[in-house]
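Only one structure is covered here, and it is reproduced in the block below.
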Ligand code: GLU
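In this note's numbering, the protein residues as written are 62 to 569.
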């Protein structure tokens, strides 16, 4: 029987969604779309101590912004509601008790002090990672060591307890990961993880497996940091008797620091001044701020394309993919095993490509918004013209204005460096003649005409245009480099051009 493909993104609302989480969501989305399946979002909030207000909304807004909205979620519930684990709390106990009944889990009554004492004992005996496991549990207070009557009495009296999984002592646990192939782990390396906490909340492991089962999840696509938990999850499927519908696992490669040494962190981002979160975020508890790709001026198309390539490639040289094209091209087989370096320059490159692909009219809107921030105005037609010549030099929408202010504001000062190297009597001579040529000409002012008149002014003085070109630019824009100068002349207009040249000649 072919089941409908159902995948899920299962974040915990403990803060801003890291860009690695966004990639996980994107891959789940692509896989679901590619296979005509469903993409679910489940909020894993069983650890109430780590709950951060606003984190859930942040996750929702980030996915909505990027256009990878889940088919089923707390905000768009379907048959498997509720989609928040805290709201599913009453469901989990029966599953834990089922495992106790089958002999795959047990009650444990150890106090915090007793657990600490065990750890100290083991550390003193030079055990490297002290654990509650198939060996140590025999010396602890649990339903495997205490007489049945006593266990019953303790439970009846309301004594706090947890339910732990009973990991077998000698068993090879295998799973066939879609990215990593066969992964084999010996059960002696696993510990008896808590499934039910003393407050009646399930732990991540129990809730995650129960929910994936109940929600009909067919593929678990998640970060590599969850690979160590996967053998435990495989055992849980087996003990519940759900092996035949166990999802296939695909553990995504880590995102690495720009130099490839270790996991990408917020600290790297702060150090290098780039974002690792989709949108701005301020932690309501600590007040810590983090910058977002969106507010830095990254376009959603660029971020999607960039993220898709962090671990996946189409197998040929194509690099530009819309979301729909990614759906078409995506396959888990083409996800790599090894970690991917986070190269922010690639993200910028994508942004430049998508920015340039926009129409001048679309770019004009960005430009008008930026101009308005400075309390100025520019009409749509002029904004489109400015955008058309500035876009080749822009990485972000804000650059259209940041790098192009001279288009609306005449320079009041001039780049001293360029001035000392390039400003000379020849330049002044040509510019004075140019002003006369411009004033005398009555034809429509075009880039070609602007160029022809400038050439005429240079030639009539026997001066090579190439030698004074940068000085001309300096006079009109205030700086030594920029977009096509003749196009600039026409956009600012002949009168303004004359005024600027006269000001430069009298000032410089
Ligand atoms: N709640 C886990 C997380 O925060 C989900 C891991 C999984 O996908 O199984 O990433």
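Backbone N, C-alpha and C define an ideal beta-carbon position, used for all residues, glycine too.
None of these values were measured; they are calculated from a predicted model.
Ordered along the chain, which non-local residues of its own chain (more than five positions away) have a Cβ less than 7 Å from that of residue i?
{"i": "residue 114", "result": "345"}
{"i": "residue 384", "result": "128, 365"}
{"i": "residue 398", "result": "240, 241, 314"}
{"i": "residue 247", "result": "233"}
{"i": "residue 489", "result": "566"}
{"i": "residue 79", "result": "337, 338"}
Kindly indicate which residue of the options has the alpha-carbon position closest to the one of residue i.
{"i": "residue 172", "options": "206, 108, 259", "result": "259"}
{"i": "residue 87", "options": "284, 265, 405", "result": "284"}
{"i": "residue 223", "options": "308, 233, 229, 212", "result": "212"}
{"i": "residue 483", "options": "437, 441, 569", "result": "569"}
{"i": "residue 388", "options": "502, 154, 373", "result": "373"}
{"i": "residue 516", "options": "531, 501, 287, 491", "result": "491"}
{"i": "residue 261", "options": "151, 335, 532, 164", "result": "151"}
{"i": "residue 95", "options": "163, 178, 393", "result": "393"}
{"i": "residue 469", "options": "486, 435, 493", "result": "435"}
{"i": "residue 531", "options": "140, 544, 207, 523", "result": "544"}
{"i": "residue 41", "options": "187, 420, 130, 405", "result": "Residue 41 falls outside the range modelled here, since the chain spans only 62 to 569, and no answer is possible."}
{"i": "residue 301", "options": "68, 324, 321, 274", "result": "274"}
{"i": "residue 455", "options": "272, 409, 497, 494", "result": "409"}
{"i": "residue 108", "options": "562, 316, 268", "result": "268"}
{"i": "residue 160", "options": "487, 299, 378, 272", "result": "299"}
List the whole-angstrom C-beta distance separating residue i from residue j, where the pair is believed to meet the contact cut-off of C-beta under 8 Å.
{"i": "residue 424", "j": "residue 461", "result": "6 Å"}
{"i": "residue 417", "j": "residue 126", "result": "Residue 417 to residue 126, Cβ: 22 Å. No contact."}
{"i": "residue 550", "j": "residue 558", "result": "5 Å"}
{"i": "residue 72", "j": "residue 118", "result": "Not quite, the Cβ-Cβ distance comes to about 12 Å (not below 8 Å), so this is no contact."}
{"i": "residue 203", "j": "residue 170", "result": "7 Å"}
{"i": "residue 64", "j": "residue 279", "result": "5 Å"}
{"i": "residue 69", "j": "residue 89", "result": "7 Å"}
{"i": "residue 288", "j": "residue 81", "result": "At roughly 14 Å, the Cβ-Cβ gap does not stay under 8 Å, so residue 288 and residue 81 are not in contact."}
{"i": "residue 457", "j": "residue 522", "result": "That pair is no contact at about 42 Å."}
What does DSSP give as the partner residue(s) for residue i in the beta ladder?
{"i": "residue 522", "result": "DSSP lists no partner for residue 522."}
{"i": "residue 200", "result": "Its beta-bridge partners do not exist; DSSP assigns none."}
{"i": "residue 134", "result": "137"}
{"i": "residue 324", "result": "317"}
{"i": "residue 531", "result": "Paired residue(s): none; residue 531 is not in a bridge."}
{"i": "residue 69", "result": "101"}
{"i": "residue 312", "result": "283"}
{"i": "residue 247", "result": "233"}
{"i": "residue 350", "result": "343"}
{"i": "residue 402", "result": "317"}
Distance, Cα to Cα, residue i vs residue j?
{"i": "residue 429", "j": "residue 450", "result": "15 Å"}
{"i": "residue 277", "j": "residue 137", "result": "17 Å"}
{"i": "residue 381", "j": "residue 337", "result": "22 Å"}
{"i": "residue 191", "j": "residue 168", "result": "20 Å"}
{"i": "residue 518", "j": "residue 443", "result": "28 Å"}
{"i": "residue 311", "j": "residue 282", "result": "5 Å"}
{"i": "residue 291", "j": "residue 221", "result": "28 Å"}
{"i": "residue 529", "j": "residue 506", "result": "22 Å"}
{"i": "residue 465", "j": "residue 332", "result": "29 Å"}
{"i": "residue 471", "j": "residue 341", "result": "34 Å"}
{"i": "residue 501", "j": "residue 527", "result": "24 Å"}
{"i": "residue 294", "j": "residue 266", "result": "7 Å"}
{"i": "residue 74", "j": "residue 154", "result": "23 Å"}
{"i": "residue 538", "j": "residue 432", "result": "17 Å"}
{"i": "residue 447", "j": "residue 552", "result": "7 Å"}
{"i": "residue 145", "j": "residue 475", "result": "60 Å"}
{"i": "residue 441", "j": "residue 459", "result": "16 Å"}
{"i": "residue 403", "j": "residue 359", "result": "15 Å"}
{"i": "residue 357", "j": "residue 77", "result": "16 Å"}
{"i": "residue 176", "j": "residue 110", "result": "21 Å"}
{"i": "residue 467", "j": "residue 525", "result": "26 Å"}
{"i": "residue 546", "j": "residue 452", "result": "14 Å"}
{"i": "residue 182", "j": "residue 250", "result": "19 Å"}
{"i": "residue 511", "j": "residue 426", "result": "28 Å"}
{"i": "residue 438", "j": "residue 496", "result": "28 Å"}
{"i": "residue 509", "j": "residue 406", "result": "36 Å"}
Under 6 Å Cβ to Cβ from residue i, same chain only, skipping five residues before and after it: list those, please.
{"i": "residue 84", "result": "368, 371"}
{"i": "residue 226", "result": "166, 253, 254, 256"}
{"i": "residue 143", "result": "149"}
{"i": "residue 229", "result": "248"}
{"i": "residue 297", "result": "270"}
{"i": "residue 329", "result": "318"}
{"i": "residue 133", "result": "101, 139"}
{"i": "residue 334", "result": "none"}
{"i": "residue 147", "result": "106"}
Check the Cβ-Cβ distances between residue i and every residue of chain C, and say whether any is below 7 Å.
{"i": "residue 287", "result": "The structure shown has no chain C; it contains just one protein chain."}
So, for residue i: in the same chain, excluding its five sequence neighbours on each side, which residues have a beta-carbon less than 8 Å away from its beta-carbon?
{"i": "residue 349", "result": "343"}
{"i": "residue 375", "result": "382, 390, 395"}
{"i": "residue 478", "result": "541"}
{"i": "residue 245", "result": "233, 234, 235"}
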